[in-house]
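Input: a single structure, listed below in structure tokens.
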Amino acid sequence: MQKAIRQNIFDNAKHWVYEAGERIRDHMQQQFQIDTKSNPNDLVTEVDKATEQFFAEKIRSTYPDHKLIGEEGYGDRVESVDGTIWIIDPIDGTMNFVHQKRNFAISIGIYSDGIGEIALIYNVMDDVLYTALKGEGAYRNQDKLPMLSEEVKLETSIIGMNSILACENKRVNEKRVQQLIKDTRGTRSYGSAALEFAYVAEGIMDAYITMKLAPWDFAAGYILVDEVGGMTTQATGEPVNVLTNNTIVTCNKQIYQSIIKEYIEFK
Ligand code: 2AM
Ligand code: CA
Ligand code: CA
Ligand code: CA
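In our numbering, the protein residues as written are 77 to 343.
Right, dumping it as structure tokens:
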């Protein structure tokens, strides 16, 4: 993607993210409708939907040839990575949004012919915007994030994961996951995949492991972590596919091999 074109898209995306964030904060002051999707704990609100619609209208009127993949169904049917694709989660961490009124993010990854070019992850209530442009590094607000430390070791690492991973688990050997928890300094679970990626990119968490993410959960985070020299693959070690659900390991490179080879064992 041409640099000037990319900068124009990024500038608009950033502007829209801040505007969407403001709308979400306003909307939260009023009553909003909460529904469930696949199960009673799978929440969606009218704010999730309104936010995705807001982006869909902006993108379609400004860039009619771009495509959109979004969680709430206002996107396009996208079957190939050709062209420019916006992959958007209007609210990542809806359960946090509903229950905690914080710890959720707007996540936008923009891909050109399958290559991740632009990432924005906006922690709406903390007003912290993580951004990245391919090859130009990653930022937390105005501050450039340093490359991830080469000194990181598993025994002093903090690892993000959902507690379900360590319980009885159909996909991976939970005994190995429990051993990983014992062998690291500690675990965290923030409830927003996009923010967990951002924390890995920021170096305040050394890995994030999960058995199921949709494209809108990881599209931005993948680009952000890549820009600080981190590693992201499926938990099998295979490359991530941005058009499908994936298992994900994203982490500091120093501990990647150990996590994949010694602790994640598919049944
Ligand atoms: P959401 O809030 O946008 O639905 C919670 O641990 C994280 O997992 C959030 O990023 C959440 O995104 C995501 N998530 C929730 N349900 C999911 C599902 N069925 N598949 C993949 N990711 C999911
Ligand atoms: Ca959801
Ligand atoms: Ca999500
Ligand atoms: Ca969401």
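Glycine residues also receive a C-beta, built at the ideal position from the N, C-alpha and C atoms.
CA-to-CA distance, Gly236 to Ser268, given in whole angstroms
Spanning the two alpha carbons is a distance of roughly 11 Å.
Taking only three categories from DSSP, how would you classify Leu221?
Three-state DSSP puts Leu221 in coil, outside helix and strand.
According to DSSP, which residues form a beta bridge with Val51?
Look at the range of the chain in this structure, 77 to 343, and you will see that residue 51 is not part of it.
Roughly how far, in whole angstroms, is the beta-carbon of Leu209 from the beta-carbon of Ile194, given that I think they are within contact range, below 8 Å?
Contact flag correct, Cβ pair sits at about 6 Å.
Limits of the unbroken beta strand (DSSP E) element including Gly267:
Counting along the chain, Gly267 falls outside any beta strand (DSSP E), and DSSP gives it neither H nor E.
Does the separation of the CB atoms of Ile234 and Gly279 fall below 8 Å?
Going by C-beta atoms, Ile234 is not nearer than 8 Å to Gly279.
Three-way DSSP call (helix, strand, coil) for Thr73 in this model
What is shown of the chain runs 77 to 343, which leaves residue 73 out entirely.
Where Arg153 sits in the DSSP three-state scheme:
Per DSSP, reduced to three states, the secondary structure at Arg153 is coil, with no helix or strand assignment.
Going by C-alpha to C-alpha distance, which of Thr232, Asp111 and Thr160 sits closest to Ile135?
Closest option to Ile135, Cα to Cα, is Thr160.
Inter-residue spacing [alpha-carbon to alpha-carbon] between Ala132 and Glu231:
The straight-line gap from Cα to Cα measures roughly 44 Å.
When you compare only the Cα positions, how much space is there between Arg247 and Ile340?
Per the coordinates, the alpha-carbon of Arg247 lies some 10 Å from the alpha-carbon of Ile340.
Would you check whether ligand 4 has a heavy atom nearer than 7 Å to the C-beta of Ile161?
Residue side-chain check: Ile161 keeps its Cβ at 7 Å or more from all non-hydrogen atoms of ligand 4.
Between which two residues does the alpha helix (DSSP H) carrying Pro291 extend?
For Pro291, the enclosing alpha helix (DSSP H) has its first and last residue at Pro291 to Glu303.
Would you be able to state if there are at least three C-beta pairs under 8 Å between the segment 145-152 and the segment 244-258?
Not touching, per the Cβ criterion.
Helix, strand or coil at Gly97 according to DSSP, with G and I counted as helix
Under the three-state reduction of DSSP, Gly97 is assigned to helix.
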